[in-house]
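FYI, the numbering for the sequence shown is 2 to 304, going by my numbering. Following: one structure in structure tokens, then a few remarks.
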Amino acid sequence: MKILIGVDGSTGASAAAAFAGRFLDDETDPVLLYYSPPSLASVDLGGADEITRQRVQSSLVETVFDRAKEQLPPSARQNVVTLVGIEKAGVGLIEAAAEHQADLIVVGAHSSQKFEWLKLGGVSRYVAQSSHVPVLIVRPDQRSDPTRPMRVLITCDRRSPASCPKPFLERLAWPPGTHGEVMSVFESYLGEIPEWLRENLARESGASSAANYDMFAREKHEAQDQLNAWCRSLPAAFHCQPAELVEGHAADKICEKLKSGGYDLAVVGAHHHNSLARLLLGSTSDAVLNHAPCSVLVIRDPR
């Protein structure tokens with residue numbers, strides 16, 4: 002698998018490189034490091050000439066790449082290719098991924114305050130919304146400890162588990178000891194209404210309500226069977242425990258699970274959107290990006 006990592010010398014970029022390093026097959030996986038350095042044209046370098054400015058910028062680029070390489074496993078550093086871009090970082094990463102046929106883009110979640118990195122227009126969000134290949138967004142405070150087993154939660158659409166493409170999950174070199182779990186959410190029988198109102202509706206509707214509930218229960222049972230079958234085809238790391246199908250609002254339930262479970266990574270599927278839809282918040286994947294306390298791997302449905 003060819004992995005493209007966006008770097009800039011920041012703590013977030015270092016965390017991204019270290020986290021990505023845990024998914025590398027040291028002997029075979031090529032790594033692309035991409036850096037779009039700032040222009041030094043407007044920086045006061047004490048009257049330095051153009052040659053000096055170029056030398057300073059070259060030194061900056063080399064330092065940034067060296068720092069990123071240090072975060073990778075020693076055996077993986079021999080497979081590193083460095084790319085220097087002139088575009089804005091987000092645009093450059095998307096173009097580099099297409100040109101070099103990267104299988105995965107990894108970016109750090111830059112932030113001085115919690116979730117600030119998710120504001121529209123940020124590099125992380127732009128890449129997550131624009132990329133046609135999976136994107137791994139690593140939290141800036143999430144350092145990789147290669148000695149600790151990784152906890153991963155795959156979340157998928159209960160109507161179509163395949164919207165979180167299995168081939169990519171199979172190709173990833175999951176770290177040894179990975180503890181993988183799978184969950185999906187089944188929309189509540191009476192939708193998002195208060196419990197007391199549900200009880201009133203159930204009493205008033207009588208037999209028709211009971212029949213409808215029986216149909217709902219059958220659909221939920223079938224959805225659980227489909228989810229279990231899909232999970233059995235996943236890598237062995239995700240056979241640790243049965244898949245979980247919970248009832249409620251998808252975004253809320255997934256975020257609750259992530260906040261309470263001590264996970265290192267959430268995997269979410271996402272559908273392609275047009276340029277207008279990208280401006281609209283509210284989808285499950287957007288909610289996970291906004292509120293997950295861990296790193297997030299976004300895998301777009303290729304259909």
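Here a beta-carbon is modelled for each residue, glycine too, at the ideal position from N, C-alpha and C.
- Taking 8 Å as the cut-off, the beta carbon of A103 is found no closer than this to the beta carbon of V186.
- Straight-line spacing of the CA atoms in F239 and Y35 works out to 32 Å.
- Secondary structure in the segment 213 to 267: the alpha helix (DSSP H) runs of 4 residues or longer, each lying completely within the stretch, are 251 to 262 in chain order.
- In the structure shown, F24 adopts coil according to DSSP, grouped into three states.
- A Cβ-Cβ distance of about 11 Å is found for the pair A16 and V8, leaving them out of contact under the 8 Å criterion.
- In this structure P176 is in contact with R23, their Cβ atoms being roughly 5 Å apart against a cut-off of 8 Å.
- Selection Q79, P75, V85 evaluated against S59 yields V85 as nearest (Cα-Cα).
- About 12 Å separates the beta carbons of A293 and L137, which is beyond the 8 Å limit, so they are not a contact pair.
- By the neighbour-count criterion, in which 16 or more other beta carbons inside 10 Å mark a residue as buried, Q79 falls on the exposed side.
- Scanning L73, C232, Y264 for the CA closest to the CA of E171 turns up C232.
- Beta-bridge pairing by DSSP links R152 to H180.
- Rounded to the nearest whole angstrom, the CA to CA distance from V65 to I300 is 28 Å.
- When rounded, the separation of the alpha-carbon atoms in V268 and T156 is 6 Å.
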